[in-house]
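> My questions will all concern the structure given below.
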Amino acid sequence: MDKVFSREFLKNILLPTVILDKSSFCIVSASKSLYSLLGYSSQFIKGKTFLQFISEKYRQNFNNLVTKNSGTTVLELNTRDNRKVMVVAHFNRLNYRRKTYILIQLIAKNKEEIAGERRRKILRKIIYQDPLTRVLNYRILMKKVKEEFLATKDEKGILSLLLIDIDNFDFINHTLGLEEGDRVLKLVARTLIQNVRDKDLVGRWGEDSFLIILPQTDKKGAINLAHRILDALNSLRVGKEKSISITSTISVVSYPEDKCEDLGVFLDKAKSILNTAKEMGGNTVASANNISNAHYLHKLEKGKEYVSFQNQLQLLAKRLHSAIFETVLALSNAVKAKDYYTEKHSEITAYYAGLLAEELGLPPEEVEMIKIGAILHDIGKIGISDSILKKPGPLNEKEKALIRLHPEIGANIIKTMKFLRDVVPIILYHHERYDGKGNRWGIKGEEIPLGARIVSVIDVYHALISDRPYRKALSQEEAIRIIKEERGRKFDPEVVDAFLKILKREKSSIPV
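Numbering-wise (my numbering), the sequence shown opens with residue -19 and increments by one.
Shown next, in the form of structure tokens:
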């Protein structure tokens, strides 16, 4: 470094100040007040590494800060007369003639002052930070978002917010435990901080959600950042085997683009977009621009239109515990991987089971449980060999006997999950005859759970009108004739009548 520059730069600085070479940490220049503090001459100090003047137990503080652009730490310095001097050290980068140096300014303190400052720093953290994730707590976050929103309006500037919600966080807590859930929250918070600018603010919005305040950021920039964050979170793995990925849903709102002149309306819009995106499956970035897109609206239509398997699950997730949703989704995907017909058959059975349960006047919570039972009624087929499931011709007696085991296999899989215990009878008894003839479990009539009686009718009807490896599909008329013949024998008469009423009302066959 130029001697004239360093002398002129330091001569008017009253605080003890030192300039270090960035790579070697050797002292390039220092203020007179530093020489006085340490008791050494300039000739002795220059060229020495600054580390040799720092007490060994404080050197890690120094090492932690020199890799950053700036920061503050506490150091203990050794003087010529063997005194220990406590200092608060402020680090900054100094660029001169295309070379970077480290500039350190020191404020001498006694130990009581240092301890007091540490206590005040801890107190500030308690007041400002969420104790678990170390981001802004909700109270301070709301204060900051209000300040930024009002300032942006006054200055006619731009402001964006990202609302981030961890998908199915309850499932992580439920299956991995609360301790792992806390670790996930800390991991997510750290990832958010790593991906934002210094001027951006990250805070804890709710149990499993965060809010990022992006000053002077338009919607395009906010959406780009949201996608980077989504990718970063998707790359994280948790659990003992690091096999569970973290997915999240992020909503983006921007002022003035989203035309919200009131902070409450602005935040409500962020929440509304987030909730709509989560209903459609989550793990996405959503804004007012794409959430109102016709493709998204189409996904939300219910009515009489057939709802796909994935959408059916997402609609259930609005009202069911997310642990149930996540488990059903995982199990249904296992069926899909095993046999495409079984997956497609299950989704159609679930849809019409819901309609039939509603037609019979069952309460909403029972309707939903029957839907889940219908989705999972063939889950036991994951225990059946592919050579049997996909056999191109009729099954022999031994193969038929193995197929008949799938309700029991499925029930044994599901009964280990306490929160799905209500669907076990549907899975176990959905092949039982109403008249009790030949039933494995010795029950008949209304002893068979209503959910199983509902699934039984739709299960057989859809199988009849579907192409199978060993036969062609029957016509709707022929299938209805068979269902009517089995009314009161294989099937509950009341359930059959309600199902035929639905078919007549729909004026079309169940999709194959």
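Backbone N, C-alpha and C fix where the C-beta goes; we use that ideal spot for every residue, glycine too. This structure is a prediction, so every number in the text was calculated from the model and none was measured.
(1) Report yes or no: do three or more beta-carbon pairs, one from the region 350 to 360 and one from the region 430 to 442, lie closer than 8 Å?
(2) Pick from Leu172, Arg177 and Pro195: whose alpha carbon is nearest that of Arg184?
(3) According to DSSP, which residues form a beta bridge with Glu56?
(4) Quick one: Cα of Gln23 to Cα of Ile7, how far?
(5) Thinking C-alpha only, which one of Leu130, Leu336, Glu338 and Asn270 is nearest Gly244?
(6) If you reduce the DSSP assignment to three classes, tell me which class Leu293 lands in.
(7) Going by the CB atoms, is the gap between Leu83 and Val67 shorter than 7 Å?
(8) Sorted by chain position, which residues of the same chain lie with C-beta nearer than 6 Å to Leu510's C-beta, five sequence neighbours on each side aside?
(9) Indicate the three-state DSSP secondary structure (helix, strand or coil) for Ile406 in the structure shown.
(10) DSSP state of Thr256, grouped into three classes?
(11) State the Cα-Cα distance for the pair Lys126 and Thr229, rounded to the nearest angstrom.
(12) Can you check which of these residues, Leu86, Thr132 and Lys26, is closest to Leu(-5) by C-alpha distance?
(13) Cα separation between Ser326 and Leu444?
(14) Just grab the DSSP bridge partners of Ala266 for me.
(15) Could you please give the first and the last residue of the uninterrupted alpha helix (DSSP H) stretch that includes Leu205?
(16) Alpha carbon to alpha carbon, how far is Lys258 from Gly425? Give it in angstroms, no decimals.
(17) Grab me the residues of Gly262's own chain with a C-beta within less than 7 Å of its C-beta, minus the 5 sequence neighbours each way, in chain order.
(18) Might you give, ordered along the chain, the residues of its own chain that have their beta carbon closer than 6 Å to the beta carbon of Lys26, omitting 5 neighbours on each side?
(19) Evaluate Lys79 with the Cβ neighbour count: other Cβ atoms within 10 Å of its Cβ, from every protein chain shown; 16 or more gives buried, anything less gives exposed.
(20) Output needed for Gly363: all residues of its chain with C-beta closer than 6 Å, excluding positions within five of it in sequence on either side, in chain order.
(21) Please classify Gly183: does DSSP put it in a helix, a strand, or coil?
(22) Suppose the cutoff is 8 Å on Cβ atoms and the five residues either side in sequence are ignored; what does the same chain contact list for Thr132 look like?
(23) Give every residue of the same chain whose Cβ lies closer than 7 Å to the Cβ of Lys481, excluding the five residues on either side of it in the sequence, and list them in chain order.
(24) From the DSSP output, in three-state form, read off Phe149 for me.
(25) How about Asp238 and Ser189: do their beta carbons lie closer than 7 Å?
(26) So Ile203 and Ser267 are supposed to be a Cβ contact under 8 Å. How far apart are they, rounded?
In short, the structure shows the following:
(1) yes
(2) Leu172
(3) Met66
(4) Using only the alpha carbons, I get a separation of about 11 Å.
(5) Leu130
(6) Because the pLDDT at Leu293 is just 47, under 50, the model does not fix this residue reliably, and the value given afterwards should be weighed accordingly. Helix.
(7) No, the Cβ-Cβ distance between Val67 and Leu83 is not below 7 Å.
(8) Residue coverage of the chain in this structure runs from -19 to 492, which leaves residue 510 outside it and unanswerable.
(9) Correct three-state label for Ile406: helix.
(10) helix
(11) 23 Å
(12) Checked all of Leu86, Thr132 and Lys26; the closest Cα to Leu(-5) is Leu86.
(13) 14 Å
(14) Ser231
(15) Lys199 to Asn214
(16) 41 Å
(17) Asp147, Thr227 and Thr229
(18) Ile7
(19) exposed
(20) Excluding the 5 residues flanking it on each side, Gly363 has same chain C-beta neighbours closer than 6 Å at Ile389, in chain order.
(21) strand
(22) Ile138, Leu139, Pro195 and Tyr235
(23) Within the same chain, Lys481 has close Cβ partners Glu339.
(24) DSSP, read as helix, strand or coil, puts Phe149 in helix.
(25) no
(26) 6 Å
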